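What follows is one structure encoded as structure tokens, with my remarks underneath.
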């Protein structure tokens, strides 16, 4: 059992910024996180973070870490919050490694890749199926691959793989892509690309590694002989641990403009919340607001 | 000092973090870019039975991913 006045859960732009503000306010706080950087760490190029004309996710993460190190912050990493409860006027967070008690909590746990939910998905993870094209893409050189999705990250992955793989299928469940027009225009360039709209994945099959996927288009079943499957169908909030907080239909924690949830003392910031836009700079700004709100809350106790 | 090899791609954040971690601990390692070296890519897939990076090879012991705790243990680094 570890105690602090404030517990910050998450180490992405929201959590890191909250920690910096909490440190400057002189709060007694503890930060727990799976990693530092969160989803931002996975961005190839960030061009809309004020003051940085172009910065990679890795560089920005390194700067976050350096900024945190300026303060003497209690950080438990890697640690994942499993549950959040209110007991005897305090919050109790059970993690994988320890249990934490705090007077106030900031949930800044972000989002993770959405899963397809089809047979074979779990079995073939890292054996042909990946949620990170930018990481594992080069291992599929001269192989046939399928990108699942139709948004920006799916088309980014498709364009990246068109330069590495032999054949690239883009399997999109919608009738048209939702990706930005500039990406859709670029997709028409490579000759090794085949797009299937209105098509959903039914099963991923293979032996030791992926050998193919079966897809369904208007009742027609098609077998695509691919060795790689890149799932890029969006994100889901990491809010499962916070069932006591009010959440919207997408599972995002509801917050007001001061980053307060419907439970006094519980604050939330960044992509895990129902904030309308999911951006690094917005998450960072909300992290600051959440820390300042938490500081006010603790002072008034 | 133990012989360390890292199989990585230039664009994977955990590969970069893993290499940073080794450098911070003053460890010397051979960095194998599987994006540039197709034979090494095939070899790491064959040896680990999976297709993800990073993979670290510590004197023949293979650890998949940036698994800080296991890597520390294998290298005898204090917490």
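Residue numbers (our numbering), protein chains in the order written: chain A, 7 to 307; chain B, 56 to 134. Quick reminder that beta carbons are idealized off the backbone N, C-alpha and C, glycines included. Just so you know, these numbers come straight off a predicted model, no measurement behind them.
Can you list, in chain order, the residues of its chain whose CB lies under 7 Å from that of residue i, leaving out five sequence neighbours each side?
i              : result
residue 183(A) : 156, 161 and 190
residue 221(A) : 177, 202, 205, 206, 207, 208, 228 and 230
residue 244(A) : 115, 116, 117, 118 and 278
residue 248(A) : 90, 113 and 259
residue 72(B)  : 121
residue 105(B) : 119
residue 117(B) : 102, 103 and 110
residue 307(A) : 109
residue 57(B)  : 113, 114 and 130
residue 289(A) : 18, 19, 20, 275, 276 and 277
Examine chain B for any beta-carbon lying closer than 7 Å to the beta-carbon of residue i, and answer yes or no.
i              : result
residue 141(A) : yes
residue 335(A) : A query on residue 335(A) cannot be resolved here, the shown segment of chain A reaching from 7 to 307 and no further.
residue 220(A) : no
residue 101(A) : no
residue 185(A) : no
Quick one: which chain B residues come within Cβ less than 7 Å of residue i?
i              : result
residue 244(A) : Those do not exist, as residue 244(A) stays about 18 Å from chain B at its closest Cβ, beyond 7 Å.
residue 64(A)  : 68 and 71
residue 47(A)  : 68
Just to confirm the assignment, what range does the alpha helix (DSSP H) spanning residue i have?
i              : result
residue 288(A) : 286 to 306
residue 86(B)  : Note, residue 86(B): premise wrong, no alpha helix (DSSP H); beta strand (DSSP E) at 85 to 88.
residue 281(A) : First-last for residue 281(A): undefined, no H or E at that position.
residue 159(A) : 158 to 168
residue 71(A)  : 63 to 75
residue 38(A)  : Per DSSP, residue 38(A) belongs to no alpha helix (DSSP H); it is in the beta strand (DSSP E), 35 to 38.
residue 21(A)  : 19 to 30
residue 315(A) : Here chain A covers residues 7 to 307 and nothing more, so residue 315(A) does not appear.
residue 76(B)  : 68 to 79
Quick one: is residue i near chain A, going by C-beta distance under 7 Å?
i              : result
residue 115(B) : no
residue 89(B)  : yes
residue 105(B) : yes
residue 71(B)  : yes
residue 95(B)  : no
Give the residues of chain B in contact with residue i, contact being defined as C-beta atoms less than 9 Å apart.
i              : result
residue 84(A)  : 123 and 124
residue 215(A) : 100, 104, 105 and 106
Quick check on the DSSP output: the beta strand (DSSP E) that includes residue i runs from which residue to which?
i              : result
residue 201(A) : 199 to 202
residue 142(A) : Taken as a continuous stretch (DSSP letters only), residue 142(A) belongs to no beta strand (DSSP E), being part of the alpha helix (DSSP H) at 139 to 142.
residue 334(A) : Outside the modelled stretch of chain A, which goes from 7 to 307, sits residue 334(A), for which no answer is possible.
residue 101(A) : 96 to 101
residue 243(A) : 241 to 243
residue 102(B) : Segment 93 to 103 is the alpha helix (DSSP H) holding residue 102(B); no beta strand (DSSP E) there.
residue 60(B)  : 59 to 63
Report all residues from its chain with a CB closer than 6 Å to the CB of residue i; omit the five preceding and five following residues, and keep chain order.
i              : result
residue 142(A) : 136
residue 146(A) : 171 and 234
residue 112(B) : 60
residue 185(A) : 157, 158 and 161
Identify the contact partners of residue i in chain A, using a Cβ-Cβ distance below 7 Å as the criterion.
i              : result
residue 102(B) : What residue 102(B) touches in chain A: nothing, since even the nearest Cβ is about 13 Å away.
residue 133(B) : Residues of chain A passing the Cβ test: none, with the nearest at roughly 16 Å.
Interface residues of chain A around residue i at Cβ under 9 Å?
i              : result
residue 108(B) : 141, 142, 144 and 145
CB-CB under 8 Å to residue i, same chain, minus the five flanking residues each way: which ones, in chain order?
i              : result
residue 144(A) : 170
residue 85(A)  : 38, 39, 40, 101, 102, 103 and 104
residue 65(B)  : 88 and 90
Mind listing the chain B neighbours of residue i? Cutoff is C-beta to C-beta under 8 Å, in chain order.
i              : result
residue 133(A) : 104, 105 and 106
residue 136(A) : 106 and 107
Is there a Cβ from chain D that is less than 7 Å from the Cβ of residue i?
i             : result
residue 80(A) : In the displayed structure, chain D is absent; the protein chains listed are A and B.
How do the region 149 to 165 of chain A and the region 174 to 181 of chain A stand: do at least 3 beta-carbon pairs fall below 8 Å, yes or no? As far as the Cβ criterion goes, the region 149 to 165 of chain A touches the region 174 to 181 of chain A, which means the pair count is three or higher.
Within the chosen definition, does the region 295 to 305 of chain A reach the region 107 to 116 of chain A through at least 3 CB pairs nearer than 8 Å? Touching, yes, given that three or more Cβ pairs across the two stretches are closer than 8 Å.
Say whether the region 32 to 39 of chain A touches the region 11 to 22 of chain A, bearing in mind that this needs 3 or more beta-carbon pairs closer than 8 Å, one atom from each stretch. Because the criterion of three Cβ pairs below 8 Å is met, the region 32 to 39 of chain A and the region 11 to 22 of chain A touch.
Contact the region 57 to 64 of chain B vs the region 44 to 63 of chain A: 3+ CB pairs below 8 Å: The region 57 to 64 of chain B and the region 44 to 63 of chain A do not touch, with fewer than 3 CB-CB distances between them shorter than 8 Å.
Counting Cβ pairs, one atom from each stretch, are 3 or more of them under 8 Å apart for the region 29 to 36 of chain A and the region 73 to 80 of chain A? Look at the beta carbons and you see the region 29 to 36 of chain A touching the region 73 to 80 of chain A: at least three pairs across the two are nearer than 8 Å.
State whether the region 280 to 294 of chain A contacts the region 259 to 271 of chain A, with contact taken as three or more CB pairs (one from each stretch) at a distance under 8 Å. Yes, since at least three Cβ pairs between the region 280 to 294 of chain A and the region 259 to 271 of chain A fall closer than 8 Å, the two stretches touch.
For the region 123 to 131 of chain A against the region 209 to 219 of chain A, are there 3 or more C-beta pairs whose distance is under 8 Å? The region 123 to 131 of chain A is in contact with the region 209 to 219 of chain A.
Quick test of the definition: if touching needs 3 or more C-beta pairs under 8 Å, does the region 75 to 85 of chain B touch the region 54 to 62 of chain A? Note that the region 75 to 85 of chain B does not touch the region 54 to 62 of chain A; fewer than 3 beta-carbon pairs, one per stretch, sit closer than 8 Å.
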